[in-house]
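Numbering-wise (the numbering used here), the sequence shown opens with residue 143 and increments by one. Step one of this worksheet: look at the structure below.
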Amino acid sequence: MSNEKRLFELIGQIGDLDTAAMQAAKERQDYLAKPPGSLGRLEDISIKIAGITGKAVGNDVTKQCIAIFSADNGVVEEGVASAPQSVTLSQTINFTRRYTGVSSMAKYWGIDLLVTDVGVAMEIPEQLYTDKMLTEEGEIPVKIVNRRIANGTRNLAKGAAMTRAEAVQAMLIGFDAAEAAKKSGAQLFGVGEMGIGNTTTSSALLSALTGLSGEQVVGRGGGLNDEGLAKKIKIVDDAVNSWCMADPIEKLCKVGGYDICAMVGAFLGAAVHRLPVVIDGFISVVAACYAKELNPKVVDYMFASHKSYEIGYQAAMDRLHLQPMFDLGMRLGEGSGCPIAFKMIETAIASMNLMKTLEEASVDGDYLEDIRRDNLF
Numbered sequence: 143m144s145n146e147k148r149l150f151e152l153i154g155q156i157g158d159l160d161t162a163a164m165q166a167a168k169e170r171q172d173y174l175a176k177p178p179g180s181l182g183r184l185e186d187i188s189i190k191i192a193g194i195t196g197k198a199v200g201n202d203v204t205k206q207c208i209a210i211f212s213a214d215n216g217v218v219e220e221g222v223a224s225a226p227q228s229v230t231l232s233q234t235i236n237f238t239r240r241y242t243g244v245s246s247m248a249k250y251w252g253i254d255l256l257v258t259d260v261g262v263a264m265e266i267p268e269q270l271y272t273d274k275m276l277t278e279e280g281e282i283p284v285k286i287v288n289r290r291i292a293n294g295t296r297n298l299a300k301g302a303a304m305t306r307a308e309a310v311q312a313m314l315i316g317f318d319a320a321e322a323a324k325k326s327g328a329q330l331f332g333v334g335e336m337g338i339g340n341t342t343t344s345s346a347l348l349s350a351l352t353g354l355s356g357e358q359v360v361g362r363g364g365g366l367n368d369e370g371l372a373k374k375i376k377i378v379d380d381a382v383n384s385w386c387m388a389d390p391i392e393k394l395c396k397v398g399g400y401d402i403c404a405m406v407g408a409f410l411g412a413a414v415h416r417l418p419v420v421i422d423g424f425i426s427v428v429a430a431c432y433a434k435e436l437n438p439k440v441v442d443y444m445f446a447s448h449k450s451y452e453i454g455y456q457a458a459m460d461r462l463h464l465q466p467m468f469d470l471g472m473r474l475g476e477g478s479g480c481p482i483a484f485k486m487i488e489t490a491i492a493s494m495n496l497m498k499t500l501e502e503a504s505v506d507g508d509y510l511e512d513i514r515r516d517n518l519f
């Protein structure tokens, strides 16, 4: 079986949410010891989790994992990034040391990080690698998983960033990561990245998907000056306009990156394994949009963490019809929004599991019946 055929077979395995469990969760929320709807979106989160797990109450989401996909992008040759390419290498290693933004949060909260090299350009010391996504004990490894496809993609300003076969290969790596997270016992999954130049690739992908111009989707990334920003906008416009890209995979291989392709696969894989999955920021949400293009059901398993500072974020979020949980002005990437969102989801589940119903709490709730009947909340 070809890799592409295998990919589409996997994509077709995404199931529907359990509507009976969601209805039961909604009914319980309406009769907990509070005015109906008064916990707002926390109630919505608990109901969606019920649809994913098939359980209205008694869900546990305390075992968590974030997959980080690292890769370099040939387009950095054009001067579209404020940071040197060596930062991809340094930060990929630093994830395993728990020195970075997301990894420091993960260390504090005891969240697993599954760090995978899908195309870092510079050499990573062999002793820092593992070839398996799970240890013999069935746990997420501390080392970097070696799935390197190539030493970064090619320069999308001069030609296709990768072949179609490479894009499919990267997506299957993402599927493998979601499967490993599920087998490790993870109950919540997050998707992050590391790759200098990947706000250019994600902007190009968003432009190719929406028809929006570079000016409408391109931001400053890690801190480009005005000259660099103008160059980045032109490169995105020129690259997108130079190709006739018929399907999502073709768009991914022409102007995408290995990291984003792997993220697409991770979102789809999470849905296949009925694993609630959290979107990080701009790059992550663009990958989520491409996952939706391949199977719209995947959005049923997604939760959006923070509102990204990047200019194209809202256009991407509009395609998913999701709302971010919070806005802290974040723009780091790495999956750094995921630990914060995990704790909000935990809070939603705790309120469902531990709060008593009106009857259980000996509260006379008759006064709420008119409010509930007339939907006055």
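Quick reminder that beta carbons are idealized off the backbone N, C-alpha and C, glycines included.
*Which first and last residues belong to the alpha helix (DSSP H) in which D254 is found?*
Taking the first residue of the sequence shown as 1, we reach residue 254 at position 112. Run containing D254: none in the alpha helix (DSSP H); it sits in the beta strand (DSSP E), 254 to 261.
*asked:* Which same chain residues end up closer than 8 Å to R148 when comparing Cβ atoms and leaving out the 5 residues on each side of it in sequence?
replied: Walking along the sequence shown from the start, residue 148 turns up at place 6. Excluding residues within five positions, the ones whose Cβ falls inside 8 Å are L314.
*Are V378 and V406 close, meaning C-beta to C-beta below 8 Å?*
Against the sequence shown, residue 378 aligns to sequence position 236. Against the sequence shown, residue 406 aligns to sequence position 264. Not a contact, by the Cβ cut-off of 8 Å.
*Going by the CB atoms, is the gap between A433 and L348 shorter than 8 Å?*
As a working mapping, residue 348 is identified with position 206 in the sequence shown. As a working mapping, residue 433 is identified with position 291 in the sequence shown. No, these two residues do not count as a Cβ contact at 8 Å.
*List the endpoints of the continuous beta strand (DSSP E) containing M143.*
Against the sequence shown, residue 143 aligns to sequence position 1. Element bounds for M143: n/a, residue is neither H nor E.
*asked:* Can you find the residues in the same chain that come closer than 6 Å, C-beta to C-beta, to E220, ignoring five residues on each side of it along the sequence?
replied: Translated into positions along the sequence shown, residue 220 becomes position 78. The answer, listed in chain order, is A299, I377.
*asked:* According to DSSP, is S212 part of a helix, a strand, or is it coil?
replied: Here residue 212 is taken as the residue at index 70 of the sequence shown, counted from 1. Of the three classes helix, strand and coil, the one that applies to S212 here is strand, per DSSP.
*Quick one: using the 10 Å Cβ neighbour count with 16 as the cut-off for buried, is E169 buried or exposed?*
The residue given as residue 169 occupies position 27 in the sequence shown. Classification for E169: exposed.
*What are the boundary residues of the beta strand (DSSP E) that includes G423?*
Numbered from 1 along the sequence shown, position 281 holds the residue referred to as residue 423. Where G423 is concerned, there is no enclosing beta strand (DSSP E), given that its DSSP letter is neither H nor E.
*Straight-line CA distance for P438 to G332?*
Position 296 of the sequence shown, counted from the first residue, corresponds to residue 438. Position 190 of the sequence shown, counted from the first residue, corresponds to residue 332. One C-alpha to the other measures close to 19 Å.
*Nearest to F237 (by Cα), restricted to the options S224, R296, F468, G477*: Here residue 237 corresponds to residue number 95 of the sequence shown, with the count starting at 1. For F237, the nearest C-alpha among the options comes from G477.
*Of all the options T295, G337, S450, which has the alpha carbon lying nearest to the alpha carbon of F424?*
Locating residue 424 in the sequence shown gives position 282, counting from the first residue. Checking every option, the nearest Cα to that of F424 belongs to S450.
_Please tell me whether K374 and T342 are closer than 8 Å, where the distance is taken between their beta carbons._
Here residue 374 refers to the residue found at position 232 when the sequence shown is read from its first residue. Here residue 342 refers to the residue found at position 200 when the sequence shown is read from its first residue. Going by C-beta atoms, K374 is nearer than 8 Å to T342.
*With C-beta atoms as the reference, is A175 less than 8 Å away from L500?*
For the purposes of this step, residue 175 is taken as residue 33 along the sequence shown, with counting starting at 1. For the purposes of this step, residue 500 is taken as residue 358 along the sequence shown, with counting starting at 1. Their beta carbons are under 8 Å apart, which means A175 touches L500 by this criterion.
*Throw me the rounded Cβ distance for the F484 and L330 pair, which I believe falls under 8 Å.*
Here residue 484 is taken as the residue at index 342 of the sequence shown, counted from 1. Here residue 330 is taken as the residue at index 188 of the sequence shown, counted from 1. Right, their Cβ atoms sit about 5 Å apart.
*Contact between the stretch 275 to 293 and the stretch 501 to 510: three or more CB pairs below 8 Å?*
no
*Where do the N-terminal and C-terminal ends of the alpha helix (DSSP H) with E169 fall, by residue?*
For the purposes of this step, residue 169 is taken as residue 27 along the sequence shown, with counting starting at 1. Segment 161 to 173, the alpha helix (DSSP H) holding E169.
*Take A225 and list the residues in its own chain whose beta-carbon comes closer than 6 Å to its own, dropping the five residues that flank it on each side.*
By one-based count along the sequence shown, residue 225 stands at place 83. So the qualifying residues of the chain are I338, G364.
*Go to M459, then tell me how far its alpha helix (DSSP H) extends in each direction, as first and last residue.*
Residue mapping note: residue 459 aligns to position 317 of the sequence shown, counting from 1. Where M459 is concerned, the enclosing alpha helix (DSSP H) stretches over 455 to 462.
*From the DSSP output, read off the bridge partner residues of N288.*
Taking the sequence shown and counting its residues from 1, one reaches residue 288 at position 146. DSSP output for N288 lists D259 as bridge partner(s).
*Considering only the beta carbon of each residue, do N297 and G398 sit closer than 8 Å?*
Residue numbering aside, residue 297 sits at position 155 when the sequence shown is read from its first letter. Residue numbering aside, residue 398 sits at position 256 when the sequence shown is read from its first letter. No, the pair does not count as a contact, with Cβ atoms beyond the cut-off.
*Closest by C-alpha distance to T161, when choosing among I191, Q155, E151, F150*: To locate residue 161, count along the sequence shown from 1; it is residue 19. Residue I191 is the option with its Cα nearest to T161.
*Please name the residue or residues paired with Y271 in a DSSP beta bridge.*
The residue given as residue 271 occupies position 129 in the sequence shown. In DSSP, Y271 forms a bridge with I286.
*Which ranges would you report for the beta strand (DSSP E) in the stretch 311 to 364 if only whole runs of at least 3 residues count?*
330 to 336
*asked:* Suppose you measure from the CA of V382 to the CA of G353; what does that come to, to the nearest Å?
replied: The count along the sequence shown starts at 1 and reaches residue 382 at position 240. The count along the sequence shown starts at 1 and reaches residue 353 at position 211. About 9 Å.
*On the premise that I266 lies in contact with I286, defined as a C-beta separation below 8 Å, what is that separation, rounded to the nearest angstrom?*
Taking the first residue of the sequence shown as position 1, residue 286 is located at position 144. Taking the first residue of the sequence shown as position 1, residue 266 is located at position 124. Confirmed, Cβ separation roughly 6 Å.
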